[in-house]
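Trainee: Residue numbering for the sequence shown is 1 to 721, as defined by the UniProt record's numbering. All residues carry an ideal CB built from backbone N, CA and C; glycine is no exception. Pasting in a structure now, in structure tokens, and then I'll have a few things to ask.
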Amino acid sequence: MGCQLSSTVAPCNVFESPEPVTKVFKPLDKPLVDSKPDNNNNAVISLQKSLKHRYKSRKASLVSYTSITSILPPKWPEKDTMCTLRGFSIDTSRAKSNSSVVSMCAQRLEMDEFPEGRSDGKPCNIYWHNIVYHDLKSVVKTAEARVNKFPGMTELAKKISLTQAIHSMQQLFPDEFRFYPKSWIIPAQLAEFQHYCKGLSEKSWFIVKPDEGSQGAGIYLINSPDQLQNTSDRHLIQEYVSDPFLLPDQLKFDFRVYAVIKSLNPLSIYVAREGMARFCTEKYEKPTGLNFENLFSHLTNYSLNKSNNSYIHSTTLRDQLKGSKRLLSTVFHQMEARGVRTRRLWHEIKLIIVKTTLAMIPEVMLNYEHYFRDVPGPQCFQIMGFDIIVRKDCMPLLLEVNSAPSLTIEHSGFAETDLTPVRSLVDELIKVPLVRDSMLLVLNKLDENNGARIIANADTLSWESSSINEQRTNHIAEDDLGMIRRKKKAHLSEIFPGRYGQQSKHLLFLDRAVYLFMQFINVKQSILITMGSLKSFIKKCNLSDVITNDELEKKFNQIYFYFTSKESQPSSGLPFHGFLQLLFHFSRLKFPEGESLLDSLQRLLAFCDAALRHYGVRSTRLRRTEIEMDQNTNSVEIYLLPSRMRQHKASATSTRSHFKSPAYMRRSAIRNSRSVPRMQQPQPFKGITNNSNSYSNMVDSTANNLMNGTSSTLPRISVHN
Ligand code: ADP
1 MGCQLSSTVA
11 PCNVFESPEP
21 VTKVFKPLDK
31 PLVDSKPDNN
41 NNAVISLQKS
51 LKHRYKSRKA
61 SLVSYTSITS
71 ILPPKWPEKD
81 TMCTLRGFSI
91 DTSRAKSNSS
101 VVSMCAQRLE
111 MDEFPEGRSD
121 GKPCNIYWHN
131 IVYHDLKSVV
141 KTAEARVNKF
151 PGMTELAKKI
161 SLTQAIHSMQ
171 QLFPDEFRFY
181 PKSWIIPAQL
191 AEFQHYCKGL
201 SEKSWFIVKP
211 DEGSQGAGIY
221 LINSPDQLQN
231 TSDRHLIQEY
241 VSDPFLLPDQ
251 LKFDFRVYAV
261 IKSLNPLSIY
271 VAREGMARFC
281 TEKYEKPTGL
291 NFENLFSHLT
301 NYSLNKSNNS
311 YIHSTTLRDQ
321 LKGSKRLLST
331 VFHQMEARGV
341 RTRRLWHEIK
351 LIIVKTTLAM
361 IPEVMLNYEH
371 YFRDVPGPQC
381 FQIMGFDIIV
391 RKDCMPLLLE
401 VNSAPSLTIE
411 HSGFAETDLT
421 PVRSLVDELI
431 KVPLVRDSML
441 LVLNKLDENN
451 GARIIANADT
461 LSWESSSINE
471 QRTNHIAEDD
481 LGMIRRKKKA
491 HLSEIFPGRY
501 GQQSKHLLFL
511 DRAVYLFMQF
521 INVKQSILIT
531 MGSLKSFIKK
541 CNLSDVITND
551 ELEKKFNQIY
561 FYFTSKESQP
571 SSGLPFHGFL
581 QLLFHFSRLK
591 FPEGESLLDS
601 LQRLLAFCDA
611 ALRHYGVRST
621 RLRRTEIEMD
631 QNTNSVEIYL
641 LPSRMRQHKA
651 SATSTRSHFK
661 SPAYMRRSAI
671 RNSRSVPRMQ
681 QPQPFKGITN
691 NSNSYSNMVD
701 STANNLMNGT
711 SSTLPRISVH
721 N
């Protein structure tokens with residue numbers, strides 16, 4: 001049965017939240033799948049054994065388990081190894097669709113849960129929200145609190161914003177961002193897309209996705225620009241990955257991998273070891289004029305495929321070996337049995353997550369500074385879902401990022417009319433440990449209870465490059481899965497700055513441009529740069545010789561259209577990546593001798609820095625702060641918003657004071673002995689009336705002065721060295 005193409009494929013109303021589920025890898029003590037593909041019994045028994053000692057009994061669910069699964073329902077760790085967050089509180093009044101898993105974890109961790117919010121006026125340690133609420137600031141009032149959403153992340157993870165962020169990085173680091181399919185934003189790049197298609201020697205297939213879409217809604221395939229159903233609404237066109245890796249069942253699948261951005265200050269990213277593989281329900285064949293409308297064989301979305309009779313729900317672990325939703329680790333073993341080097345694949349996937357997050361970080365910083373402009377701001381963290389497809393040649397590619405991956409652990413009944421929620425084993429095995437470890441992680445409790453710190457240290461890449469360290473690094477990369485199998489590890493493992501910091505530190509580069517951008521916007525009011533501010537930027541940075549006002553306006557309008565698909569108005573402003581496109585343009589004009597765009601841009605940024613010093617802006621002093629944490633591992637903490645550093649350090653200390661682990665005491669001793677922070681905070685300008693000496697205020701004042709043309713009289717920022 002085929003699912004016919006429709007531009008309004010309605011998202012089926014299931015238990016998935018608007019964003020679909022993510023995937024993660026959680027290796028097991030023994031392989032799930034035997035080298036003989038059909039001998040699944042051993043795999044199930046292995047899985048049973050590995051789970052058995054990890055969990056203890058839990059209430060029976062609505063699922064009627066078979067004799068196999070009767071010993072399998074996910075259970076909590078034995079008491080002696082069990083971790084608690086006793087004495088910590090969580091507000092779940094806005095967890096909504098996340099409630100069941102979040103409450104379950106909070107209860108098991110013995111937290112004080114406030115499902116209706118706290119009535120005594122005291123703050124909670126964690127606030128769990130299902131979306132980013134506009135009144136976040138008034139709900140979470142203390143810098144000590146952790147809240148599971150970053151302001152602005154919903155927008156930043158949308159298909160078009162993500163494409164724009166990755167596009168900027170592709171221009172700077174072309175070799176390192178090949179993991180994202182070639183994409184065009186419609187209507188702005190329609191002509192470019194048409195031109196591209198004309199140049200193709202043979203017809204290729206493309207996938208068209210509405211920007212706001214989720215669960216596969218409104219998606220269709222085309223092989224010619226004429227087939228576009230709508231050229232005026234904002235859409236993304238992407239090269240269709242027509243040669244996916246297939247298992248013997250010939251069903252297309254992709255992975256949902258979960259990552260957690262633990263904090264911005266310091267920047268810290270973790271990946272979850274277990275994830276999900278979502279399978280189509282009809283056999284895959286390369287798209288042709290005859291089959292391209294059969295979405296059951298081209299899209300993996302649960303909400304779409306569950307309506308097909310061929311959908312295989314898994315009530316047991318045996319089922320999931322052939323199910324439409326499998327554990328990522330199961331599929332890795334199935335791939336391994338077919339010769340795929342899954343260690344390598346997992347390594348590549350983790351790098352995709354680090355690179356993609358680093359591409360998004362500049363705007364996350366800006367949104368944070370804008371949103372919490374007048375308050376200390378809590379520590380935000382966020383569980384993200386990365387959708388990854390693997391090509392036939394085993395290369396993983398990123399398809400999209402979900403800022404709110406479904407955390408539901410139930411699905412609807414199997415009969416079409418049965419809407420009773422049924423516990424989903426696969427979802428539980430992935431999401432319960434994910435949420436539990438996220439709670440432990442953000443309260444700095446993860447390392448103490450799961451031995452994750454010991455392992456993470458062993459895994460952590462040296463920040464300093466040396467031949468010995470590189471050898472060690474390569475060895476660890478090779479042995480990653482082996483180590484996970486042998487040792488009990490937390491569900492989450494650090495991938496930045498630990499593990500992949502060394503390989504990717506050069507990609508954390510655009511924060512330099514963010515600091516420049518922040519000096520010419522009024523971050524309190526907006527995170528867009530207007531034409532007036534751009535003119536001021538050109539003047540203050542001595543760039544008047546590279547572009548005339550007319551040329552600037554033309555370029556501005558062109559970039560504005562690319563970002564918004566609208567004609568610009570006098571009050572219009574460009575977002576950060578629009579400003580960056582202008583910087584690219586200026587750097588090519590100003591430094592044409594640069595070996596690459598990156599080289600020219602680096603020269604331009606240095607040039608702007610030097611020019612702005614004349615006006616009292618010593619932006620090098622405002623930048624990222626890096627602190628070495630441990631001499632043995634050379635691990636580094638990177639603070640992207642220096643002025644926020646002190647408050648977060650204070651909050652981390654107060655949180656940690658509940659349980660000072662030996663590791664923490666050791667790190668703390670190292671810190672104190674180095675009189676951290678080494679880079680002291682710049683002082684506010686004299687004459688600023690606002691009491692706060694936050695970085696934003698200081699930059700705002702600078703920006704206002706620069707924009708008002710009064711900057712030549714500004715005092716220099718005094719910096720303590
Ligand atoms: P949505 O947010 O609506 O789920 P996605 O971008 O995740 O949109 O796409 C839905 C599904 O379409 C994916 O799960 C994947 O199976 C398929 N898909 C998306 N992009 C591509 C692509 N470039 N090549 C091949 N398949 C794709």
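(1) List in chain order: all unbroken beta strand (DSSP E) runs of 3+ residues lying wholly within the stretch 210 to 272.
(2) Helix or strand or just coil, what does DSSP make of E400?
(3) Using only CA atoms, which one of L440, L267, A513 and N291 lies nearest to V636?
(4) Relative to the ligand ADP, is the shortest distance from any of its heavy atoms to the C-beta of Y284 smaller than 7 Å?
(5) For L168, count neighbouring Cβ atoms within 10 angstroms of its own Cβ and tell me buried if that reaches 16, exposed if not.
(6) From Y639 to P151, what distance separates their C-alpha atoms?
(7) Alpha carbon to alpha carbon, what distance is there between N402 and S214?
(8) Relative to the C-alpha of E285, which candidate in R318, K306 and V241 has its C-alpha closest?
(9) Is the beta carbon of N301 sitting closer than 8 Å to the one on I527?
(10) Would you mind reading off the limits of the beta strand (DSSP E) that contains M335?
(11) If we count the other Cβ atoms within 10 Å of its Cβ and call it buried at 16 or more, is G482 buried or exposed?
(12) Is the beta carbon of V422 within less than 7 Å of some heavy atom of the ligand ADP?
(13) If you draw a straight line from the alpha carbon of S324 to that of R391, how long is it in whole angstroms?
(14) Going along the chain, which unbroken runs of the beta strand (DSSP E) with 3 or more residues stay wholly within the stretch 162 to 196?
(15) Taking the alpha-carbon positions, what's the N148 to E282 distance?
(16) Unbroken alpha helix (DSSP H) runs of length 4 or more, entirely within the stretch 474 to 549: which are they?
(17) Can you tell me the Cα-Cα spacing of K252 and E293, whole angstroms?
(18) When DSSP labels each residue in this structure, what does Q581 get in the three-state scheme?
(19) Among S310, N634 and L246, whose alpha-carbon lies nearest the alpha-carbon of G498?
(20) Using the Cβ count rule (16 or more neighbours within 10 Å means buried), how would you classify A188?
(21) Have a look at the DSSP bridge pairing and note the partners of A277.
(22) Closest to L358 by CA distance: which of I126, F173 and C280 is it?
(23) With H, G and I counted as helix, E and B as strand and the rest as coil, what does DSSP make of S138?
(24) Would you call S654 buried or exposed, if buried means 16 or more other Cβ atoms sit within 10 Å of its Cβ?
(25) Looking at C105 and M439, is the spacing between their C-beta atoms short of 8 Å?
(26) Going by Cα to Cα distance, which pick from L246, K262, P248 and V271 is closest to residue 751?
(27) Which term fits D437, buried or exposed, when burial requires 16 or more other beta carbons within 10 angstroms of its beta carbon?
(28) Within the chosen definition, does the stretch 343 to 355 reach the stretch 127 to 142 through at least 3 CB pairs nearer than 8 Å?
(29) Could you check if N632 belongs to the surroundings of the ligand ADP, using beta carbon to heavy atom distance under 7 Å?
(30) If I measure Cβ to Cβ from Y562 and keep anything under 6 Å in the same chain, skipping five residues before and after, which residues do I get?
(31) Pop quiz: D254 and R278 are said to be a contact at Cβ under 8 Å. What is the actual Cβ separation, rounded to whole angstroms?
(32) Apart from the five residues just before and just after E363, which ones in its own chain have a Cβ nearer than 6 Å to its Cβ?
(33) So the alpha helix (DSSP H) T92 belongs to, where does it begin and stop?
Mentor: If we stick to the structure as given:
(1) 220 to 222, 235 to 239, 253 to 263 and 268 to 272
(2) strand
(3) L267
(4) no
(5) In the sequence as displayed, the identity of residue 168 is Ser instead of Leu. Its Cβ being crowded by 16 or more others within 10 Å, S168 is buried.
(6) 18 Å
(7) If you draw a straight line from the Cα of S214 to the Cα of N402, it is about 9 Å long.
(8) With distances taken between CA atoms, E285 lies nearest to V241 out of R318, K306 and V241.
(9) no
(10) It is not in any beta strand (DSSP E) - M335 instead sits in the alpha helix (DSSP H) that spans L328 to E336.
(11) Note on G482: pLDDT 37, under 50, position unreliable in the model; no value is reported.
(12) no
(13) 19 Å
(14) 183 to 186
(15) 37 Å
(16) The stretch 474 to 549 contains these whole alpha helix (DSSP H) runs: 501 to 504, 511 to 518 and 531 to 540.
(17) 15 Å
(18) Three-state DSSP puts Q581 in a helix.
(19) N634
(20) buried
(21) F255 and R326
(22) Comparing Cα-Cα distances from L358 to each of I126, F173 and C280, the minimum goes to F173.
(23) In the structure shown, the three-state DSSP call for S138 is helix.
(24) With a pLDDT of 46 at S654, under the threshold of 50, the predicted position of this residue should be treated as unreliable, though the coordinate-derived value follows. By the beta-carbon neighbour count (other beta carbons within 10 angstroms, threshold 16), S654 is exposed.
(25) yes
(26) No information on residue 751 is available, as it lies outside the stretch 1 to 721 that the chain covers here.
(27) buried
(28) no
(29) no
(30) A188
(31) 6 Å
(32) L156 and F576
(33) From DSSP, T92 is part of no alpha helix (DSSP H) but of the beta strand (DSSP E) over S89 to R94.
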